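FYI, full-length UniProt numbering numbers position 314 of the sequence shown as 314, with every residue one higher than the one before it.
Where is the CB? At the ideal position from N, CA and C, for every residue including glycine.
Quick caveat: nothing in here was measured; it's all calculated off a predicted structure.
What follows is a single structure, written as structure tokens, with notes after it.
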Amino acid sequence: MFLAILVLLEITLYLYPSVLISVYTLVTTLSILIISFSTTPLAQHIAKSVALEVTGYSGIEDEEIIIPITIKNKKALELLRISKIHLNSDPGIELVSYRLHNDLEQIQLFLMLKGFVGTHSVKGLVLLLRDVFGLLNIFIEMRFEKDVEVCIVPSRAIARFGIETLLSREMLYESALTRRKGMGIDILGIREYVSGDDFRRIAWKATAKAQRLMVKEYEGRSFRNIVVVVVLHSGHFAGDPPPIQHISRAIVDLVDKALKRGMNVRVGVITEDNIGMTNVISKGNIHEVHKIFAIVTWPQNPAMIRSYSSSNRIARWFTKHIVSETCKEPCLVALFIDPQDEFDIENLKRLYRDLEMQKHELKIFLTPSTSITFLCNEKISEHLIALLYREKSKMVQITKLYMSIGKAIYTPAYYLYC
Numbered sequence: 001m002f003l004a005i006l007v008l009l010e011i012t013l014y015l016y017p018s019v020l021i022s023v024y025t026l027v028t029t030l031s032i033l034i035i036s037f038s039t040t041p042l043a044q045h046i047a048k049s050v051a052l053e054v055t056g057y058s059g060i061e062d063e064e065i066i067i068p069i070t071i072k073n074k075k076a077l078e079l080l081r082i083s084k085i086h087l088n089s090d091p092g093i094e095l096v097s098y099r100l101h102n103d104l105e106q107i108q109l110f111l112m113l114k115g116f117v118g119t120h121s122v123k124g125l126v127l128l129l130r131d132v133f134g135l136l137n138i139f140i141e142m143r144f145e146k147d148v149e150v151c152i153v154p155s156r157a158i159a160r161f162g163i164e165t166l167l168s169r170e171m172l173y174e175s176a177l178t179r180r181k182g183m184g185i186d187i188l189g190i191r192e193y194v195s196g197d198d199f200r201r202i203a204w205k206a207t208a209k210a211q212r213l214m215v216k217e218y219e220g221r222s223f224r225n226i227v228v229v230v231v232l233h234s235g236h237f238a239g240d241p242p243p244i245q246h247i248s249r250a251i252v253d254l255v256d257k258a259l260k261r262g263m264n265v266r267v268g269v270i271t272e273d274n275i276g277m278t279n280v281i282s283k284g285n286i287h288e289v290h291k292i293f294a295i296v297t298w299p300q301n302p303a304m305i306r307s308y309s310s311s312n313r314i315a316r317w318f319t320k321h322i323v324s325e326t327c328k329e330p331c332l333v334a335l336f337i338d339p340q341d342e343f344d345i346e347n348l349k350r351l352y353r354d355l356e357m358q359k360h361e362l363k364i365f366l367t368p369s370t371s372i373t374f375l376c377n378e379k380i381s382e383h384l385i386a387l388l389y390r391e392k393s394k395m396v397q398i399t400k401l402y403m404s405i406g407k408a409i410y411t412p413a414y415y416l417y418c
């Protein structure tokens, strides 16, 4: 009723512009009083009439996701219109646009969202309502009974990872090996003799022994399995776009290139909230690598500055665990990590020794969040310059330390294509 009286006063003022300024002042004062008395019950009334049919959605990065919301009480918005909508969610997802559809007794609100890789939580909405004359501004905060989860899957493999930093030259040219009798093994165009071949072919019999020594020596330097471990902290979720976007694309590209070379891959991901790992990935289940990044939960308040990361503390244990489960023979282990302090660096040195004793080869790829943001973004905020110099000095220190003990370590400039 208060809103109806206010609208009538506004119409009167519109039709008779010669009304005294005092009347307008009275209307303005009255509108403030009406807002203070009516906003709370109106917000509660509209919030109670909101219905969500589904609370879980999924999509692909760079594509829009549509979330339908039903406002059952249409009369509550007869005198007001929705001017703006804000999401109450983590910073990894945003509202691109929205549209309204009026039915007979209810209103359909369609939200078009777009986000970065991972699982996002939408807790509610903030609506800005205005009357038809634009004099009233009413903010209504609505919280859903159950958070809406939106999972964003990485897009298909794009050239983002320099595979040459992980695989040596002989590994790059290795073709997929086969153990089927009579088929032989083709490596660099040279075929090894195996039981089941035609013994009457003198050329094969004469060269079999000479070729076997060369082939077995070649196989001894190659790897059939790759274990990839990605360690993420809060800083990897900060920025626009955040470093996790580039890291996930690089890992998807790495898996795709390794599978094309006949290798099997297993991926593990550590965050400050959870850990997860895929099954052994082959060409038949490559979707596993997309799924593991889609279930990474975004933090509510990611920060670029980090002095401690709980995910780094368990990196050594988790890497040893996934390698022991996966590798029955020597494996190639790729660890993507951003060491934060001396304890992390010491753990990496211990991990080198642990895997070296088991004949595995460990390669470390540094993932400093600010450096990846600077490397892959066209623009960077001025307040990140100091962080960039800090990360640069830290990477130089770590690189010199590992080179002094004869171990390879790679910065984003060596392996990441943006």
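- Comparing C-alpha distances from Asp62 to each of Pro412, Ser83, Ile93, Leu87 shows the shortest one belongs to Ile93.
- The residue from Lys84, Pro68, Thr119, Lys123 with its alpha-carbon nearest to that of Gln106 is Pro68.
- The beta carbon of Asn279 lies closer than 8 Å to those of Arg266, Asn285, Glu288 in the same chain, with the five residues before and after it left out.
- Ile281 is bridged by DSSP to Val265.
- With contacts defined by Cβ atoms closer than 8 Å, Ala315 and Ile337 form a contacting pair.
- Residue pairing from DSSP places Tyr410 in a beta bridge opposite Phe365.
- Proximity to Leu95 across Asn102, His120, Arg81, Pro339 peaks at His120, based on C-alpha coordinates.
- For Tyr417, the three-state secondary structure derived from DSSP is coil.
- Put simply, of Val230, Glu391, Phe144 the residue whose alpha carbon is nearest the alpha carbon of Val252 is Val230.
- Exposure of Ala413 is indicated by the presence of fewer than 16 other C-beta atoms within 10 angstroms of its C-beta.
- Of the candidates Asp240, Ser155, Glu272, Leu348, Leu348 places its Cα closest to the Cα of Phe365.
- Asn225 has Asn264 as its beta-bridge partners, per DSSP.
- Straight-line measurement puts the Cα of Gly162 at about 8 Å from the Cα of Leu254.
- Val396 is positioned such that its CB atom lies no closer than 8 Å to that of Ser248.
- Phe343 counts as exposed, since fewer than 16 other C-beta atoms from the protein chains shown sit within 10 angstroms of its C-beta.
- In this structure Lys146 does not touch Thr70 by the C-beta definition: roughly 15 Å separates them, more than the 8 Å allowed.
- A straight-line Cα-Cα distance of about 38 Å links Pro368 and Met142.
- In the three-state DSSP reduction, Phe374 falls in the helix class (H, G or I).
- Annotation for Leu109: the continuous beta strand (DSSP E) segment containing it runs 107 to 115.
- Here DSSP, grouped into helix, strand and coil, assigns Asp131 to strand.
- Bounds of any beta strand (DSSP E) do not take in Lys320; it lies within the alpha helix (DSSP H) bounded by 315 to 326.
- Scanning its chain for C-beta atoms nearer than 6 Å, with the 5 sequence neighbours on each side dropped, one finds around Ala258 the residues Ile226, Val265, in chain order.
- Distances from the alpha-carbon of His321 to those of Thr297, Ser282, Lys359, Gly268 put Gly268 closest.
- Of Asn88, Gly59, Glu356, Asp131, the smallest CA-CA separation from Ile82 is found for Asp131.
- For Lys349, the enclosing alpha helix (DSSP H) begins and ends at 342 to 357.
- Distance from the Cα of Ser309 is smallest, within the candidate group Phe318, Lys123, Cys376, Leu232, for Leu232.
- Boundaries of the alpha helix (DSSP H) harbouring Glu288: 287 to 294, taken from the DSSP string.
- A direct Cα-to-Cα measurement between Arg224 and Cys331 gives close to 7 Å.
- In this structure, the beta-carbon distance from Cys376 to His236 does not fall below 8 Å.
- Minimum Cα-Cα distance from Pro299 among the listed residues Phe318, Lys84, Arg353, Ser89 corresponds to Ser89.
- By the 16-neighbour rule on beta-carbons within 10 angstroms, Glu391 is buried.
- In this model, Tyr410 and Lys84 are separated by some 46 Å (Cα to Cα).
- 8 Å or more divides the Cβ of Glu149 from the Cβ of Lys114.
- In this structure Phe293 touches Pro154 by the C-beta definition: roughly 5 Å separates them, less than 8 Å.
- The closest CA to that of Tyr402, considering only Leu109, Lys283, Ile345, Met263, is found on Ile345.
- Looking at the DSSP output, Tyr57 sits in a beta bridge with Val150.
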